[in-house]
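Residue numbering for the sequence shown follows the UniProt record's numbering, beginning at 1 and increasing consecutively.
Structure, as structure tokens:
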Amino acid sequence: MELDHFPDSVKLSGHAVQSSVLEYYRADRAVDGIKHAPGPASFCTHTNSETNPWWRLDLLDNYYIRTVIITNRADCCPERLDGAEIRIGNSLENNGNNNPICAVIASIPIGASHSYSCPDMEGRYMNIVVPGNRYLTLCEVEVYRGFPEPFTEKATLPGVPVAQW
1 MELDHFPDSV KLSGHAVQSS VLEYYRADRA VDGIKHAPGP ASFCTHTNSE
51 TNPWWRLDLL DNYYIRTVII TNRADCCPER LDGAEIRIGN SLENNGNNNP
101 ICAVIASIPI GASHSYSCPD MEGRYMNIVV PGNRYLTLCE VEVYRGFPEP
151 FTEKATLPGV PVAQW
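Okay, here's the thing in structure tokens:
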């Protein structure tokens, strides 16, 4: 599910980090463009089992976020994402895990991708945190920027005639 065909949605990139790394399942694997590959979580991230594991994408600038798409692993354990929080904001307090919540993941089936709408959310950091003592595994995370809603022809900017937009 790519949003590139929407003219007002632009896929963002940035620098990924996570709370810990199990073996060689680094944070940058969630933004490598590979959703699935042969083998157990071959191109996915994976933290150790820990309290409140998290993954963070630094977008390197402040953006309005329209949509976040998350792809779950295809080999096992889809329930590991159940209850995960998608957070967006500008704070690094508590590793960014105190930023406002865009959505809570109820469940994503094995190997599936799910889209979460984050209207009017703005920030530099996009976090995914799983409350409790758990693992966190992500196979792909896509973040798309948008514009604040509502952005219509009737909206005005102070001192700027509509014809100059």
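Quick reminder that beta carbons are idealized off the backbone N, C-alpha and C, glycines included.
Whole-Å CB distance - residue i paired with residue j, under 8 Å assumed
i	j	result
R87	I108	About 17 Å; that fails the 8 Å criterion.
T45	A74	Wrong, their Cβ atoms sit about 14 Å apart, outside the cutoff.
H113	I69	Per the sequence shown, the amino acid found at residue 113 is Ser instead of His. The Cβ separation is near 6 Å, so the contact holds.
Y125	T67	Their Cβ separation, rounded to whole angstroms, is 16 Å, which puts Y125 and T67 out of contact at 8 Å.
L136	L59	Not quite, the Cβ-Cβ distance comes to about 19 Å (not below 8 Å), so this is no contact.
N62	N90	6 Å
G111	H36	6 Å
Beta carbon of residue i nearer than 9 Å to that of residue j
i	j	result
W55	I128	yes
R134	S49	yes
T51	G132	yes
A84	V130	yes
G14	L81	no
Simplified DSSP assignment, three categories, for residue i
i	result
A84	coil
N95	helix
D75	coil
D32	coil
A16	strand
A106	coil
Classification of residue i by the beta-carbon crowding that lies within 10 angstroms, buried from 16 upward
i	result
G123	buried
C77	exposed
N98	exposed
E93	exposed
E23	exposed
T47	buried
Neighbour flag for residue i against chain B, beta carbons, 9 Å
i	result
C102	Going by chain labels, chain B is absent from the structure shown, which holds only one protein chain.
Answer yes if the stretch 18-37 comes into contact with the stretch 135-144, meaning at least three C-beta pairs across the two stretches below 8 Å, and no otherwise. The answer is yes - the stretch 18-37 touches the stretch 135-144, with three or more Cβ pairs under 8 Å.
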